[in-house]
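Peer 1: Quick note: the sequence shown uses numbering that gives the first Met the number 0, first residue 0, plus one each step.
Even for Gly, the Cβ is constructed at its ideal location relative to N, Cα and C.
Submitted below is the structure of interest, expressed as structure tokens.
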Amino acid sequence: MERNKKADRKVYAKIKGQYHQKSIKRRIEAAFLDNIGKVLTREQIIKVATDPKTGREPENWHQRLSELRTDEGYTILSWRNRGDLKIQEYLMPHSKKRSSARKRVRPTDATWLAILRRANYACEWNEGGEACGLKDGEVDPIGGGRVKLTPDHKNPHSLDPEADPSDSSQWQALCGRHQVTKKNYWDSATGKLNTYAIVQFAPEKEKKRIFKFLLTYFGYTMLKNGTIRKGH
Ligand SMILES: [Zn+2]
Numbered sequence: 000m001e002r003n004k005k006a007d008r009k010v011y012a013k014i015k016g017q018y019h020q021k022s023i024k025r026r027i028e029a030a031f032l033d034n035i036g037k038v039l040t041r042e043q044i045i046k047v048a049t050d051p052k053t054g055r056e057p058e059n060w061h062q063r064l065s066e067l068r069t070d071e072g073y074t075i076l077s078w079r080n081r082g083d084l085k086i087q088e089y090l091m092p093h094s095k096k097r098s099s100a101r102k103r104v105r106p107t108d109a110t111w112l113a114i115l116r117r118a119n120y121a122c123e124w125n126e127g128g129e130a131c132g133l134k135d136g137e138v139d140p141i142g143g144g145r146v147k148l149t150p151d152h153k154n155p156h157s158l159d160p161e162a163d164p165s166d167s168s169q170w171q172a173l174c175g176r177h178q179v180t181k182k183n184y185w186d187s188a189t190g191k192l193n194t195y196a197i198v199q200f201a202p203e204k205e206k207k208r209i210f211k212f213l214l215t216y217f218g219y220t221m222l223k224n225g226t227i228r229k230g231h
């Protein structure tokens, strides 16, 4: 299939010097807000996120970027959502924040310690019976960076606003990658699987399979040259 070449021509961001905001997250946010509709590369984000005083490159920039999406409600697109973005290119199309972003409740320090002990200081994410098991401080072989376990409330917030900070059974320890996975895959408003997000995050091969399924489902046929026509 031919992509529409005229639409959405890519423009790359220009970083104007250093950012002096106090935190990694705020520096990344400022750079995106300065470059609405433009593509920021991984290198540019790392440069922006680097501590202006110590010059230390942050290894957790990706998690901070995810938090801008999930906690603060910004839209930041990547290759997963837009076919013309390459891996490690990011784009904020507008500065609007979704209002669904909400403050998170945290377990108490004592509860968090109990959770970590139960979890044996490893990520408790379980997929098809297989546990993630990455330990706090290890290098994540898939996501890169060091694993930092953080608490996750098992039920989506809005379904269970009475999250009990002292009941360890309501919480689990998750690595950064699985925190992001969960936020992306579960709709916290309905508690249902977010099918749209799952398709967005699927590899291109899977997307093609789904695309073909939908064509058939809605009664279209794709010809050998990529043309789509109504009817089987
Ligand atoms: Zn994990």
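So what's L318 in DSSP terms, helix, strand or just coil?
Peer 2: Because the chain in this structure spans residues 0 to 231, residue 318 falls outside the shown range and cannot be described.
Peer 1: Quick one: using the 10 Å Cβ neighbour count with 16 as the cut-off for buried, is N224 buried or exposed?
Peer 2: Burial state of N224 is exposed, judged by a 10 Å Cβ sphere holding fewer than 16 other Cβ atoms.
Peer 1: Of the residues K211, K153, D163, which one's Cα is nearest the Cα of Q178?
Peer 2: K153
Peer 1: In angstroms with no decimal places, state the Cα-to-Cα distance between Q205 and R97.
Peer 2: The displayed chain sequence assigns Glu, not Gln, to residue 205. Whole-angstrom Cα-Cα distance: 28 Å.
Peer 1: So I44 packs on L64, CB below 8 Å; how close in whole Å?
Peer 2: The distance from the Cβ of I44 to that of L64 is about 7 Å, consistent with a contact at the 8 Å cut-off.
Peer 1: So what does DSSP say about V138, is it helix, strand or coil?
Peer 2: strand
Peer 1: Using a threshold of 8 Å, state whether the C-beta atoms of S254 and I86 are closer than that.
Peer 2: Outside the shown range of the chain (0 to 231) lies residue 254, about which nothing can therefore be said.
Peer 1: Do you know whose CA, among F31, G136, D139, lies nearest K95's CA?
Peer 2: Selected option, being the one with the closest Cα: F31.
Peer 1: What does the Cβ neighbour count give for A48, buried or exposed, with the cut at 16 atoms within 10 Å?
Peer 2: By the 10 Å Cβ count, A48 comes out buried.
Peer 1: Across which residues does DSSP place Y195 in a beta bridge pair?
Peer 2: Answer is none; Y195 lacks a bridge partner.
Peer 1: What number of angstroms, rounded off, separates the C-alpha of K52 from the C-alpha of A109?
Peer 2: 35 Å
Peer 1: Taking Cβ to Cβ, would you say Y184 is nearer than 8 Å to L192?
Peer 2: In this structure, L192 lies closer than 8 Å to Y184 by Cβ.
Peer 1: Please write down, chain order preserved, every residue whose beta carbon lies under 7 Å from a heavy atom of ligand 1.
Peer 2: C122, W124, C131, L133, L173, C174, R176, H177
Peer 1: With 16 other CB atoms within 10 Å as the buried threshold, where does R116 fall?
Peer 2: exposed
Peer 1: Considering only residues of the same chain and omitting the five flanking positions on each side of T69, which have a CB-CB separation below 6 Å?
Peer 2: Take T69, set aside five residues on each side of it, and the residues of its chain with a beta-carbon closer than 6 Å to its own are K182, in chain order.
Peer 1: May I have the straight-line CA-CA distance separating E88 from T40, to the nearest angstrom?
Peer 2: 5 Å
Peer 1: Taking C-alpha atoms, which residue in E58, D163, I14 lies nearest to T107?
Peer 2: D163
Peer 1: On the DSSP bridge list, what partners appear for R145?
Peer 2: V138
Peer 1: Grab me the residues of W111's own chain with a C-beta within less than 7 Å of its C-beta, minus the 5 sequence neighbours each way, in chain order.
Peer 2: Counting only Cβ-Cβ distances below 7 Å, and skipping sequence neighbours, we find P150.
Peer 1: Can you check which of these residues, R176, Q199, R228, T194, is closest to Q62 by C-alpha distance?
Peer 2: R176
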